[in-house]
Each structure stands twice: as structure tokens, then as C-alpha cells.
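Same order as they appear, the protein sequences are chains A and B. If you read the first sequence in my numbering, its first letter stands for residue 1, the second for the next number, and so on. If you read the second sequence in my numbering, its first letter stands for residue 1001, the second for the next number, and so on. Worksheet: one structure, shown below.
There are 2 protein chains.
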Amino acid sequence: MNLVVQKFGGTSVANAERLFNVAQIVTDTYQKGNNVVVVVSAQGDTTDDLITKAGEINPNPSKREMDVLLSTGEQISMSLLAMAIERMGFPVISLTGWQAGFLTDSTHGSSRIRRINKERIDNELSKRNIVIVAGFQGINRYDDITTLGRGGSDTSAVALAAVLHADLCQIYTDVDGVYTADPRLVKNAKKLDEITYDEMLELASLGAQVLHNRSVEMAKKYNVNLEVLSSLTRNPGTKIKEVVKVEKMLIRGVARDNDVARISILGVPDQPGIAFKIFSQLAAKKVNVDIILQSIGRDNTKDISFTVSRSHKQLALDLMNEINENIGGKGIICDDNISKVSIVGAGMATNPGVASKMFEALTEANVNIQMISTSEIKISVLIELADSEKAVNAIHAAFEV
Amino acid sequence: MNLVVQKFGGTSVANAERLFNVAQIVTDTYQKGNNVVVVVSAQGDTTDDLITKAGEINPNPSKREMDVLLSTGEQISMSLLAMAIERMGFPVISLTGWQAGFLTDSTHGSSRIRRINKERIDNELSKRNIVIVAGFQGINRYDDITTLGRGGSDTSAVALAAVLHADLCQIYTDVDGVYTADPRLVKNAKKLDEITYDEMLELASLGAQVLHNRSVEMAKKYNVNLEVLSSLTRNPGTKIKEVVKVEKMLIRGVARDNDVARISILGVPDQPGIAFKIFSQLAAKKVNVDIILQSIGRDNTKDISFTVSRSHKQLALDLMNEINENIGGKGIICDDNISKVSIVGAGMATNPGVASKMFEALTEANVNIQMISTSEIKISVLIELADSEKAVNAIHAAFEV
């Protein structure tokens, strides 16, 4: 008997009709002889509605009480899904985070899972019950309710799959898999059958918002077989695993991220420790820096450029202005009219010429490259925002993905 | 330092404004140097909304899952109240039923409290935190969520007051106390300062829906000082305790209950065991019988009459028709165009003439009495429905309560 963990997001359980659709998927899986553990998010806008409700009472509530409030969202959807499955005549039981044994640290609002006591779930599975678990939540060592923050329910599902040694962890969402590019942007983007954890991690961090990185990282660490698929189409999705079939494809996908701002600090004295000073201070303020580029020095100065997400732009600018004054720099330039376009593929490490092929495609499309960053399985370029759609299509066509 | 348990019902916490009103009452009590434990119900119509939501999914959901769903109602209101109190600058923590240590039996939907592990609450109180507890809920020995059913939050509050040896248990509601008669019915009905547990029990069972009997019974058993009062007026309410001050008042109140149906089975053979047969079968079907009257036999037969609540009428009628055939009775009469009017007062046991005074008042008001039932502290009469308002006023005036 196989064990399958299935996770359904908020849109998949938004109303009675959707809940019965999910119940159908779950019971089909169960009837094939599998044991099934289901992880659910809160219905549709429930979490946002609860946040609004709290805001009317207290604009700055404690995170502990916020977790108490928000955790009701999954508790409602899990019990309603259980009722739907009951109505279809299958044995089912719903469990909150603490009932399912999720123990976390005490960082309310963005807790980390420390341990899962799986006795209760094992016990229910041994009775051949379908087990529904509230995603996104747990308790800390003081028995206080915690929530896992962004991507929390995906993480709950992968963690459960790891602890229960599930054969498969299916993440049902409103897209039917991972594509070679955003289908809204590139007409002949293709759905990938398979992708490696690392490729998925790079794609996710590049703005392909199918899975939160946290859950992919955990899946990689515990070697959980992941599948991303749609709860509406019932088509096969994209499998995410350690090693994928050898394919002709050089690259796995083209991704675009417009949430980028580039900041440059000019005329920095060419002394040791300057870069450390800049980036340690950004790190201290929890500003995530992505691409870093340092120009070759001239007149004993250099220019240092880096990118941050737009929400961190102002914080980074304030810091840089301060540093600029302290070290006698020549000023700060900021540009957020830019886009980051990347190609990702585990195959590129062993295939020379991938980068030049990308740059050639961009040149032919008359797109100017501002900055370049590369990793083992990724090449990113920074270009003007207006060029991004053109660039993604040109690259996608060049690689015939 | 005194410990006060305060319970607020659904209307008292229905919206942001009401929540801050409650927060004011709670923090006023706290600031006077008391330790405060607050028990809350779900906001306004939340419970009904959740029941509707469940009904759209499954007209007959399991009681276990229903409890999972409904228990979110108090969890929402308790966290919102905590946020309101936080905003007013007071230390506060909210606890669900299981966090507060409420252990119940496994009768989902109408559980009984078995035990309260008070360590967590004691611990929070010792830090001078205001403690907010979700009423109506607990967990059973398997860690499944249970709810206490009707009157559950009142019961939670009284049970907590008993376990914590609270100095006072205040039940805040939308009326400001217990009256000598329904103020909507009797113009000069007076609010009682004090009433005994037994009187309160009789009044509650007679349709004065201020407190659920279950909570009053528990208060009597553990000698909890209860007070019923309004969360809106801030006036002193009615104290409910073992012994009240001696007053001139012969009776404590006049109550009316229109939820009554009278069923008579006629021409029953005058043999031993007949009454047992009738009432054991009613009991087996969980039909609560109130007043019972057996006519003096004639021609070796007798008539047996009893009253039930209207919701049990059909079930009782079906049973009686069956019994009537089996024993060769002369038929069944049913009347639900009736009302039960009662007077309650611990003083009446030692004051002869109370009954006759009541009957005199009814005679003068030209009200016909159909059945009479008496206890140590109560006299009830069954009269025609149309006469009930007149009867209550006549009796209230006669006793000058």
C-alpha cells in the first residue's frame, strides 16, 4: 500500500463545489488502495478577512494572538472537507496542527517545524481513515499555537511526507505544473514533466510562483517526491525530484522577475573591506541582496552595484546614502525600471555555449544587457523593464524549449 | 487579591465596538487589583453561520467534525478580545479549551466537563496576565475537540470559577438580571438583587432564559457565587447564591412557559404498571415529561395526562396512540393551545396559603385552571394560551412582588 500526501491551496477549497472536487480527487486516490493524508489551506480569502477583522481591533496585535486567530482558517476548511468526504461515504478524520503533532519553534507568524509526532496520524491511517491535516500551523513547546508564514501549507505537506515516508507528495494548485516560461508571456511555453529540486529552487526564486522555496528545500533535503498539479484539470503535473530523465533540452525554463531594483554606489575608494562594510550592513537590516557586480577600479575607485527586491529599495537606499557619506563616495544611482530574465537548467553546467546563445538571442532582439549573473544551473541578466517580454520570448525561441 | 471569572455571551462580543466595551469591563475589574479570567462565546451569529456552511456540504455531518468547525467561533472571538485588551495596554493571553485544560467526555455536541487542568491558567494568572478562555469547548481523552452544547459557555465559566476557587463568577448577558416576571409582559416587574440556586433553577426551567440550568446546577454543587448582569448598562445585576437575605417577598417570581403541549390518554384500565409502561416508554425515547396528572378512576378506568415540550409532541403522540391500542384505551387528546404559569419562591414552603392566593388571583381574573403541579418552592398551573399574559399580571399584582 502506498502513502500519498496531497496538499490543496485556498482556491482549491474556496467553496462547497470546490470542496467536493477536492473530495473526489482524494477519494479516487484512496479507492486505488492508497493511504491518503490531505493538507489544506484556509478557504479563499478567509485569511485576508481575518487579518482585516484583527486590523479593525488593533493595528498592531501581538503575533501570538494573530496566530490564534489565523489558525482558525485551516480548521474551518479541514472540517468542511471532512464533512464532504463523509458525505461521499468514506472514513475520514480531520486534525489541527497540534493534533497532527506539528511542533515548531516560537517564532509566531513564521515558525519553523521542529518535529512531527506522527503517532496520531499513523494510528488513523492504520484504521484506513483518510486523514485531513490543517496546514500552516503547529504549536510551540509551551502549547501556544504558531503559524509557519508564507508557503506554510506547502511546507506542512512536504514535512509530513518526509516524516511519514510518503511515496508521493502532490501539491495541488491553480496552475497545472511548471512551465518552460510563463504561459501568459510566452505563447508556446511547454509544461515540464519533470524538473530537479535545484532547477525548481532557481525557478521559484526567479518569480515562477508555483511552489515556495522553503518547501522545495525541505523536499530536496529529505528526498520527497514532489508533484505540482492542478486540482481543476486532473492532468498529470510536473514531478520534482533529485534526478530527472536525460532530455535534449539544454535549459529547463525561462523566468522573468520584475520585482527588482538596482542600486549602485559610485566612486568607492578601492580599499579592502569596503564590500564587506556595504553588504554586512545590508544583511544586518535583513535586506536580501541578489546580483552583485563590481566594476574594475579606475583612479583608485570602483563602482559597486547590486539588486534588491523593490520592497527593500528604500531601506537599501538610506543605508547606501549613509555609507556614501562616510567613505566619501561619488553618489548613489537607483533604477527600478528593470527586469531580471533568467534561464535555468541542470544541463548547462556541462554544455558550453549556453550563455553565448542567450546573449546572441538578446542581441538579435535588440535588448541591452545591464548586468549578468551566473550560477551552476542559472544565468540571469538585468535588462530594461520594457524589454522583458520581448527578451523572454526571444530566449525561449532560441533554445527551442 | 480576589479572582473574578467573567463570562460574555455572543451579543456582548458581536463587533469591534462591543469587544472594546467588554475590554473596558475586564480591564476595570483588573485595575481594581483583581485577577481576571474571561470566558467568551462566539461572536453574534458566527455559530449559526458555521452551521449553515456545514449544511451546504453535508446535511448530516459527524458530530466530531461539527465540533471541530464550531470551536473556531470562540477561538476567533477570544483572540480578537485579547487584541482589544492589548491595545488598551494590559497584559493578556487567550487560551482555547484544550489550552485552558478543559477535559470532557466524548459525547460530541453535548459533552460534560470531566476535569480542568488549571496549571496553565494558574501560571498565567501568577504573571498577572488577564486570561481569556474559549467557552463551550474542550477535548476528550483522545485529544479530539468537543463542545458542551446548549449553555456551554455559562457552564465553562462556572466550572472554571469552581476549579479556580474564584470569589465571584459574573455572567454578562443582554438582560441586566433576573426579574420577578418577564418585563415585556408585566409592566412593574422588578429586578431581584438576590435569588437562591434552587429558585433560579425553577425559574430557568420555567422559561426565564437568563441562565442555563446546567450552569446553575454546577454553581450550586460547588457553591460558586454567581451574578447575572448586563454588559451594556454596567448596573448591579442579580446575585445567585445558597442563602439570600430574608425578605418580605413570599415569592421570587412569576414565569410563563408557552412551549407546552398537553397529552391525555383516556379510559386507561386501572391496573398496576400502566403508568410505568407509559412513562418508561417516553423516557426511552428521551421525551421529557413535565407535569403529570392522573384522574381518579371510574368504571375501573382512569385518565392520564402529562405535558411535554412542543418539539416532543409528535413523538409522544405516536407512542401514546400505540399504547392506547395495546391496552384498549379510549383514545388520545392533545392540546398545545396552552401555557404554563408558575410562581417560584423558597419562602412558600413555610408560608401556607400561597397556593390559594395564586388560585384566587386567577379566579378573579377569570382564568380557568386546567392542571396544577407543585413542588417545595414552585406552583405551576396549566391554562389556556390566550389567558397567559392576563394570568401572569394578575398573579404578579396579587403577590405584590
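Note that beta-carbon positions come from the ideal geometry of N, C-alpha and C, so glycine has one too.
{"Query": "Alpha carbon of A/E56 to alpha carbon of B/S1094, nearest angstrom", "Result": "18 Å"}
{"Query": "Buried versus exposed, by CB contacts within 10 Å (16 or more), A/P61", "Result": "buried"}
{"Query": "CA nearest to the CA of A/I291, picked from A/F399, A/N58, A/S373", "Result": "A/S373"}
{"Query": "Residue of A/Q137, A/D176, A/L3, A/G328 minimising C-alpha distance to A/M464", "Result": "This structure cannot speak to residue 464 of chain A, because chain A is shown only from 1 to 401."}
{"Query": "Interface flag, B/D1303 vs chain A, CB-CB below 9 Å", "Result": "no"}
{"Query": "Proximity below 9 Å, CB of B/G1237 to CB of B/D1176", "Result": "yes"}
{"Query": "Contact with chain B by A/P61, beta-carbon distance below 9 Å", "Result": "yes"}
{"Query": "Beta carbon proximity, B/V1068 to chain A, threshold 9 Å", "Result": "yes"}
{"Query": "Where B/L1019 meets chain A, residues with beta-carbon distance less than 8 Å", "Result": "I57"}
{"Query": "Coil, strand or helix - B/T1052 by DSSP", "Result": "helix"}
{"Query": "Residues in the region 1083-1108 of chain B having any Cβ partner in chain A nearer than 7 Å", "Result": "M1083, A1084, E1086, R1087, S1094, Q1099"}
{"Query": "CA nearest to the CA of B/L1293, picked from B/D1303, B/I1051, B/G1267", "Result": "B/D1303"}
{"Query": "Contacts around A/Q6, its chain only, beta-carbon distance under 6 Å, and the 5 residues preceding and following it disregarded", "Result": "V38, Q170"}
{"Query": "Residues of the region 1132-1146 of chain B with Cβ closer than 7 Å to any Cβ of chain A, in chain order", "Result": "D1143"}
{"Query": "Assigned secondary structure, B/V1036 (DSSP; H/G/I helix, E/B strand, else coil)", "Result": "strand"}
{"Query": "Residues bridged to B/P1269 [DSSP beta-bridge criterion]", "Result": "B/T1301"}
{"Query": "Stretch pair the region 316-336 of chain A + the region 251-263 of chain A: three plus CB contacts closer than 8 Å", "Result": "yes"}
{"Query": "Of the residues A/F8, A/Q281, A/E389, A/G151, the one placed nearest A/H212, counting alpha carbons only", "Result": "A/G151"}
{"Query": "Straight-line gap, B/F1359 to B/T1147 (C-alpha atoms, nearest Å)", "Result": "44 Å"}
{"Query": "Beta-carbon separation (whole angstroms), B/N1140 vs B/P1091, contact threshold 8 Å", "Result": "With a Cβ gap of about 32 Å, B/N1140 and B/P1091 do not count as contacting."}
{"Query": "9 Å Cβ cutoff, B/R1463 in contact with chain A", "Result": "The first residue shown for chain B is 1001 and the last is 1401, placing residue 1463 of chain B beyond what the model contains."}
{"Query": "Minimum Cβ-Cβ distance from A/S79 to chain B less than 9 Å", "Result": "yes"}
{"Query": "Amino acids of chain B, ordered along the chain, whose beta-carbon sits closer than 7 Å to that of A/Q24", "Result": "What A/Q24 touches in chain B: nothing, since even the nearest Cβ is about 13 Å away."}
{"Query": "Those residues which DSSP pairs with A/M371 across a bridge", "Result": "A/L382"}
{"Query": "Euclidean distance between Cα positions of B/E1199 and A/F20", "Result": "51 Å"}
{"Query": "Short CB-CB distance (under 9 Å) between B/A1162 and chain A", "Result": "no"}
{"Query": "Run of the beta strand (DSSP E) containing A/E194, from where it starts to where it stops", "Result": "194-196"}
{"Query": "Proximal chain B residues relative to A/T72, where beta-carbon distance stays under 7 Å", "Result": "T1072, Q1075, I1076"}
{"Query": "Contacts of A/K53 in chain B (Cβ-Cβ under 9 Å)", "Result": "A1016, I1076, L1080"}
{"Query": "Exposure of A/D28, with buried meaning 16 or more beta-carbon neighbours within 10 Å", "Result": "exposed"}
{"Query": "Residue(s) in a DSSP beta bridge with B/Y1172", "Result": "B/F1008, B/L1229"}
{"Query": "Contact check, A/I327 vs A/P272, beta carbons under 9 Å", "Result": "no"}
{"Query": "Residue burial classification, A/R214 (beta-carbon count within 10 angstroms, cutoff 16)", "Result": "buried"}
{"Query": "Limits of the beta strand (DSSP E) - the one that B/F1102 falls within", "Result": "1102-1104"}
{"Query": "Integer-rounded CB distance, given that B/F1399 should sit under 8 Å from B/K1330", "Result": "Actually they are not in contact, since the Cβ atoms of B/K1330 and B/F1399 sit about 40 Å apart, beyond 8 Å."}
{"Query": "Cβ neighbours of A/S110 in the same chain (closer than 6 Å, five flanking residues each side left out)", "Result": "G149"}
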